[in-house]
Amino acid sequence: MKHSFDVLVVGGGHAGLESALISAHRGCSTILVTQDPNAIGRMSCNPAIGGLAKGQMVREIDVLGGNMGLFSDFSGIQFKVLNQSKGRSVWSPRAQIDKRVYEKIAKDKVCSTKKITVCAGEVVSVEPKGDSFLGYLRDDTVFLIKTVVVTCGTFLSGKIHIGERKILAGRMGEERSEGITESLKELGLKSGRLKTGTPPRLKANSIDWGLAKKELGDKNPIPFSYQTSNFNPPNIPCFTVKTNILSHNLIKENMERSPMFSGDVSGVGPRYCPSIEDKVSRFKNQNSHLLHLEPEWINSDQIYLNGFSTSLPEEIQLSALKKIPALRNVEFLRPGYAIEYDFFPPAQLKATLESKKIPGLFFAGQINGTSGYEEASAQGLIAGINASSYVLNLDPIVLSRSSSYIGVMIDDLITKDTLEPYRMFTSRAEYRLMLRYSNTFERLSGLAKNHGLLQPSFYNNLKQLHGIKKHVFENLKGSIKPEEIINTTTINQSTPAIKVLKRPEVKIEDLPVRFHQGTERGLEPWLVDEVLKDVEAEIKYEGYIKRHLKEINKVAKNENLKLPECINYSKILGLSNEAKEKLSFVNPETLGQALRVSGITPSDASVLLVNFFRSE
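Okay, so the sequence shown: first residue is 139 according to the numbering used here, each after it adds one.
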């Protein structure tokens with residue numbers, strides 16, 4: 139018997155739940171199939187959301203109608219803005235999370251949302267059927283659906299490694315998914331193999347907390363979501379310890395027993411989230427590495443050892459940690475492990491995250507070669523928006539590199555080689571001065587409204603922020619007298635406040651109150667402060683921002699020029715062999731994408747430009 143739905147979402151992780159929720163919000167009947175409905179939104183790795191560039195993406199998810207920010211605000215146990223000693227363009231919010239609360243909120247939201255049906259099962263095959271698909275479950279259930287979003291995480295043919303021990307699983311204690319990789323390959327898609335790792339979980343009462351350094355969050359914390367009010371979260375401490383020469387020596391002596399170093403793991407691991415074996419091997423002159431002891435929930439008996447990802451045998455992990463004074467009596471609740479899994483190189487996707495080969499088939503999350511909850515949620519949201527647009531015959535949403543970190547990530551994924559799990563950093567965004575977490579409402583609320591992603595009340599609140607920010611800028615055009623300057627800055631005559639604020643030593647709070655009056659109108663205190671500081675950042679960065687805007691306008695001339703769908707790059711004279719190979723695989727949609735494909739040299743770019751304009 140066939141069951142009909144508009145959208146099939148395969149997997150209930152962070153990508154899957156965002157896909158399902160936004161599809162349902164837009165009126166599409168959605169079936170979410172997951173092996174364990176109790177694991178919807180599970181935080182299988184670190185108990186944290188946000189961080190460098192990731193915090194900006196969570197804000198972007200919020201403004202585009204996603205849920206990660208709200209879920210985090212309700213479940214956070216410590217909030218901190220990172221990089222505050224640097225320029226505001228790289229300030230990034232981060233929160234420690236109570237995993238149990240987060241997972242309950244996520245599951246309850248999905249299961250209580252109209253238009254979403256949650257099905258416990260395993261999708262083993264998807265088959266195009268005319269302008270629809272058939273989705274086959276292992277128990278022989280068949281769904282007839284109009285579009286599919288595949289978000290399988292690390293479950294595709296997952297294999298866990300703990301030293302010489304091998305476990306076939308998608309996560310520790312959870313069955314892996316088999317069959318769907320072969321089904322997708324039969325449709326002409328190419329797959330690869332990646333790996334990632336997770337550190338041990340420690341028993342809290344086996345740690346000597348007096349020998350660890352306490353780390354607290356900000357005294358005046360800010361939330362992720364613009365929808366959060368009356369924000370007063372707890373400030374539960376984390377702790378840090380350091381490895382030492384003794385622990386390093388033990389790891390070095392047993393390096394050959396790590397599957398990631400013996401060659402026993404075929405997948406490629408994340409360069410920017412290295413295992414402890416990687417750290418000890420690559421940084422031989424460093425005598426210690428910082429480890430973070432993070433509670434997984436309030437009053438948790440389970441501590442996440444951030445910074446000690448490993449696939450060493452359990453006894454070696456334990457012995458190495460016992461060389462650290464605070465962990466001399468440590469006990470495991472679970473050892474660290476590596477996991478390798480199938481993924482599908484995302485160069486096979488459009489900027490909408492739809493397959494170039496199979497219309498109506500979308501991919502999101504770790505199946506696209508990314509790592510991290512935030513990267514997965516962002517992709518799931520965009521895939522869900524575009525899958526529902528496909529069903530509703532609406533224009534898809536495509537985010538540019540200059541509009542958002544999500545746009546940077548997707549463009550990187552579809553144009554660059556996926557040689558290792560992708561992780562977002564501020565350094566990946568060439569226009570990061572314009573992509574501040576504090577101006578997300580300005581950058582994306584109009585787009586969100588045009589695509590019907592937000593409730594009217596939420597959009598109206600964001601629109602109010604636009605007005606308040608404009609009001610502050612108008613106020614700052616007024617003059618300030620020499621005697622009104624609060625700090626050490628001196629002026630000889632009345633000067634426009636906006637000009638005074640450009641000085642590096644002057645902060646907006648140094649100016650008389652009249653220059654930022656009107657910002658308190660019904661706003662949360664944290665949001666008042668954030669709007670003011672964003673105005674200050676925009677004024678101080680004005681010269682750089684103008685330069686960025688010129689670059690963006692220049693790039694835009696070529697960026698959106700559509701390329702024919704079927705170009706025989708092998709026959710274009712003057713292209714390097716690498717360019718021919720890469721362009722043939724990626725098959726870029728626009729000239730801008732083609733120029734960013736990895737391996738494309740300036741010479742190749744010139745050949746493409748000449749050939750494209752000739753064809754015009």
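Where is the CB? At the ideal position from N, CA and C, for every residue including glycine. Remember, predicted model here, so these are calculated numbers, not experimental data.
- Cβ atoms of V468 and I318 stay farther apart than 8 Å, at about 39 Å.
- Burial check for V196: the Cβ neighbour count within 10 Å reaches 16 or more, so the residue is buried.
- When the five nearest sequence neighbours on each side are left out, the beta carbons in the same chain lying within less than 6 Å of the beta carbon of E434 are those of P185, K237, Q440, Y442, in order along the chain.
- Taking 9 Å as the cut-off, the Cβ atoms of I215 and I187 do not count as close.
- Rounded to the nearest angstrom, the gap between the Cα atoms of I383 and S426 is 7 Å.
- The C-beta of W229 has 16 or more other C-beta atoms within 10 Å across all chains shown, which makes the residue buried.
- For the options V171, H141, G203, N531, the alpha carbon positioned closest to that of L159 is the one of G203.
- For A162, the enclosing alpha helix (DSSP H) has its first and last residue at 152 to 163.
- Looking from the CA of I520, the closest CA among P497, K488, F611, E622 belongs to K488.
- When the Cα atoms are used, T289 and P559 turn out to be separated by approximately 15 Å.
- With a threshold of 16 other beta carbon atoms within 10 Å, I199 meets it and is buried.
- Between E265 and L327, the alpha-carbon positions lie close to 13 Å from each other.
- For D480, the enclosing beta strand (DSSP E) stretches over residues 475 to 481.
- Beyond the five residues adjoining it in sequence on each side, S527 comes within less than 6 Å, by CB distance, of P534 in the same chain, given in chain order.
- Contact check for S413 against S449 passes: the beta carbons are separated by less than 9 Å.
- Pairing V745 with Y543, the inter-Cα distance amounts to about 30 Å.
- Rounded to whole angstroms, the Cβ separation of G193 and L155 is 20 Å, and the two are not in contact under 8 Å.
- Per the coordinates, the alpha-carbon of M572 lies some 8 Å from the alpha-carbon of S540.
- Put simply, of L340, L733, E568 the residue whose alpha carbon is nearest the alpha carbon of L459 is L340.
- One thing to note: V262 has its Cβ within 9 Å of the Cβ of S321.
- The bridge partners DSSP lists for N444 are H430.
- Per DSSP, reduced to three states, the secondary structure at Q504 is helical.
- Listed in chain order, the non-local C-beta contacts of R566 below 6 Å within the same chain comprise V546, local neighbours out to five positions each way being set aside.
- Here D555 carries a coil assignment [DSSP, helix/strand/coil].
- Beta-bridge pairing by DSSP links S315 to L294.
- Rounded to the nearest whole angstrom, the C-alpha separation of G301 and S210 is 34 Å.
- Within the same chain, Cβ atoms closer than 6 Å to the Cβ of I710 are found at N749, the five residues on either side in sequence being excluded.
- With the rule of 3 Cβ pairs closer than 8 Å, the segment 350 to 359 does not count as touching the segment 503 to 517.
- Judged by their CB atoms, A153 and G296 are not nearer to each other than the 9 Å cut-off.
- For L519, the three-state secondary structure derived from DSSP is helix.
- According to DSSP, Q234 shares a beta bridge with A186, Q216.
- At the C-beta level, C257 and I169 come within 9 Å of one another.
- Per DSSP, the unbroken alpha helix (DSSP H) holding I389 starts and ends at 383 to 391.
- Here F481 is actually not in contact with Q517; their C-beta atoms are around 12 Å apart, not less than 8 Å.
- Among the bridge pairs identified by DSSP, H141 is matched with F281.
- Counting only runs of at least 4 residues, the segment 653 to 725 fully encloses the following alpha helix (DSSP H) elements, listed from N- to C-terminal order: 663 to 678, 680 to 697, 715 to 724.
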